[in-house]
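Structure record follows, encoded as structure tokens.
Numbering (this note's numbering), first residue to last: 25 to 100.
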């Protein structure tokens, strides 16, 4: 099982999270980064993430993260 940090809380981030947490999912999203505090908290609540932040560095360097999934728009 891998612990995943999701960068982005929009459509693509949610699409990936649904796939990760789906019926065959063995991995889990444990951290979320979003530019908006409100969006990060909502995503964390929806997918049971234990850690959310608007600080990118804090999310990617979180000690429980094994993999980083980049679901950000191209311009970011």
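C-beta: ideal position from N, C-alpha, C; glycine also.
Open item on the list: With distance defined between alpha-carbon atoms, name the residue in 32, 99, 28 and 25 nearest to residue 65.
Closed with: 32
Open item on the list: Quick check on the DSSP output: the alpha helix (DSSP H) that includes residue 43 runs from which residue to which?
Closed with: 35 to 44
Task: Cutoff 7 Å; reference residue 50; Cβ partners in own chain excluding five residues on either side - done: 25
- [ ] Using three-state DSSP, classify residue 31 as helix, strand or coil.
- [x] strand
Task: Delimiting residues of the beta strand (DSSP E) encompassing residue 54 - done: 52 to 57
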